[in-house]
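Okay, here's the thing in structure tokens:
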């Protein structure tokens, strides 16, 4: 099959491999799905390598070759520690069998596995860091390993400047900051009309998202605003699901009837776009898709100014949203009350926030990623020749 455009002048169909833990309903996973679809339209063959398959995953609208790493190393010796070299060796074999022209890896240890498994294979590897590097590489060993391996990558893609600055100048020299694309359903005019008295959160129910702080802040306000409720969208993962704890906390705070748990929902825009306030209370994030989607929908947003700088890079405090310090319950309560007292302020912030959608359509953002990937591959191949 002849490929139009892309890497070099060869007429041979090119193959791009995506390496990620799963296709579960997360921001990085959606980036992979969007990019896979984009490169497919350009004539690329798509290879998807994941650690495992989850019961709930993003669906691909076209057939792709998929390899499940954990299934292929299920008999690795020496228990859990033995699986680390087993993953590297198995990935090495996958690359030899599949012969991708470029590997695009996402998140934490997968980036390390991508570099370790390619060794001297001369396959360009482009890495994507999706959160705070201090969280993705928490130990001193991982930090040193990441720094050394990232220097050898064809390129590194970050979500924020703060994340990029966590690495040396040698890594930064072949790195770039690229945005996340919005889901197509968010690239349309914002809602205009009477809003529901709701404070909404969208995201996984885990400790980092700090739903508990939102419930405590709201508990001090709800008697003055009896019609307002908090609505939480998202589910938890086994072992880290804070849902049951949040249900009990709401009861203890006397707001059990004011907090609604909606679980995971498809087409989240139709659920949140008529709400009054969106809150992101996370202790850390990369570039949170839920925040971008709320802003694009025209909601008044309140967000913690969390590392590694994602919210700060899109929110102009007081102009298109409100930034508060991480973990500051009083500041959160004050911001919520400010918006509840002054709906006109919320409308002004939301209208300004909705302008964000103009530059984050899937087509525009995928094109930026394509140009970066193909440019890095060209430089890598040129440097090897």
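In our numbering, the protein residues as written are 130 to 514. Each residue gets a CB set at the ideal place from its N, CA and C atoms; glycine is no exception. All of these numbers come straight from a predicted model, not from anything done at the bench.
Is the CB-CB distance between residue i and residue j below 8 Å?
i: residue 431; j: residue 331; result: no
i: residue 235; j: residue 175; result: no
i: residue 382; j: residue 345; result: yes
i: residue 157; j: residue 259; result: yes
i: residue 408; j: residue 328; result: yes
i: residue 486; j: residue 315; result: yes
i: residue 454; j: residue 460; result: yes
i: residue 173; j: residue 143; result: yes
i: residue 241; j: residue 220; result: no
i: residue 195; j: residue 151; result: no
i: residue 434; j: residue 421; result: no
i: residue 449; j: residue 478; result: yes
Please return the same chain residues whose Cβ sits closer than 8 Å to the Cβ of residue i, not counting the five positions on each side in sequence.
i: residue 224; result: 146, 232, 246, 247, 250 and 252
i: residue 480; result: 319 and 427
i: residue 350; result: 357, 462, 465, 466 and 469
Give me the Cα-Cα distance between residue i and residue j, rounded to the nearest whole angstrom.
i: residue 423; j: residue 212; result: 40 Å
i: residue 279; j: residue 299; result: 9 Å
i: residue 197; j: residue 295; result: 31 Å
i: residue 375; j: residue 291; result: 32 Å
i: residue 153; j: residue 372; result: 19 Å
i: residue 326; j: residue 237; result: 39 Å
i: residue 366; j: residue 271; result: 25 Å
i: residue 360; j: residue 456; result: 20 Å
i: residue 393; j: residue 166; result: 24 Å
i: residue 447; j: residue 406; result: 14 Å
i: residue 509; j: residue 429; result: 44 Å
i: residue 269; j: residue 313; result: 40 Å
DSSP state of residue i, grouped into three classes?
i: residue 330; result: strand
i: residue 245; result: helix
i: residue 515; result: Coverage of the chain is limited to positions 130 through 514, which leaves residue 515 absent and any answer about it impossible.
i: residue 146; result: strand
i: residue 393; result: coil
i: residue 407; result: strand
i: residue 510; result: helix
i: residue 376; result: helix
Just to confirm my understanding: we take residue i, look at its own chain, exclude 5 residues before and 5 after, and list those with CB closer than 6 Å. What are they?
i: residue 369; result: 335
i: residue 337; result: 411 and 412
i: residue 416; result: 288, 309 and 439
i: residue 437; result: 261, 289, 291 and 292
Got a sec? Which residues, its chain only, sit under 7 Å from residue i by beta carbon, not counting five neighbours each side?
i: residue 293; result: 287, 301, 304 and 306
i: residue 163; result: 310, 491 and 495
i: residue 264; result: 413
i: residue 169; result: 175 and 191
i: residue 254; result: 232, 234, 243, 244, 247, 282 and 283
ask   = Where in the region 290-318 do unbroken runs of the beta strand (DSSP E), each at least 3 residues long, occur, reported from the N-terminal end onward?
value = 304-306
ask   = Which residue spans inside the region 149-209 form an unbroken alpha helix (DSSP H) run of at least 4?
value = 156-170 and 198-201
key: Residue ranges of each beta strand (DSSP E) within the region 409-490, 3 or longer   = 429-433 and 451-453
task = Note down, one range per segment and in chain order, each beta strand (DSSP E) of at least 3 residues found wholly within the region 255-294.
result = 284-287
query = Where are the beta strand (DSSP E) runs, 3 residues long or more, that stay fully inside the region 211-238, in chain order?
reply = 231-235
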